[in-house]
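In terms of this note's numbering, the sequence shown opens at residue 106 and continues consecutively.
Idealized CB from N, CA, C, for every residue including glycine.
Take a look at the structure set out below.
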Amino acid sequence: MTRISEEQVRHVAHLARLAVTDEEVHKFTEQLDAIITFAEQLNELDTSNVKPTSHVLDMKNVLREDKSAPGLDREEVLKNAPDHQDGQIRVPSIIE
106 MTRISEEQVR
116 HVAHLARLAV
126 TDEEVHKFTE
136 QLDAIITFAE
146 QLNELDTSNV
156 KPTSHVLDMK
166 NVLREDKSAP
176 GLDREEVLKN
186 APDHQDGQIR
196 VPSIIE
């Protein structure tokens with residue numbers, strides 16, 4: 106018994122704007138049926154004692170903690186800028 110029809114495969118292909126041949130429709134129907142069969146096998150497993158998870162591995166934040174630190178001196182920065190005005194670095198305009 107197939108769980109998905111060729112007509113359903115054609116319909117999904119149409120919605121996805123995919124052009125598929127009759128041969129591809131037949132192939133995809135068999136492949137999708139195999140996938141659905143496998144998923145149904147997973148439903149047979151007893152998962153009543155399995156804690157729900159969002160990821161297979163334990164995830165933790167490995168980034169360093171944010172700490173404020175003094176920045177560069179404005180005069181030192183402006184000394185290296187090719188052009189500046191009123192304490193700001195001037196750059197070429199990109200908006201017309």
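Annotation for Leu168: no alpha helix (DSSP H) segment contains it, and DSSP assigns it neither H nor E. With at least 16 other beta carbons inside 10 angstroms of its own, Val114 counts as buried.
DSSP, reduced to helix, strand and coil, places His189 within a strand of the structure shown. Within the segment 108-144, the complete alpha helix (DSSP H) runs of at least 4 residues fall at 111-120.
From the listed residues Ile194, Glu170, Ala174, the smallest Cα separation to Glu181 is found for Ile194. Looking only at Leu177, Ile200, Leu120, Thr134, the smallest Cα-Cα distance to Ile109 is reached by Thr134.
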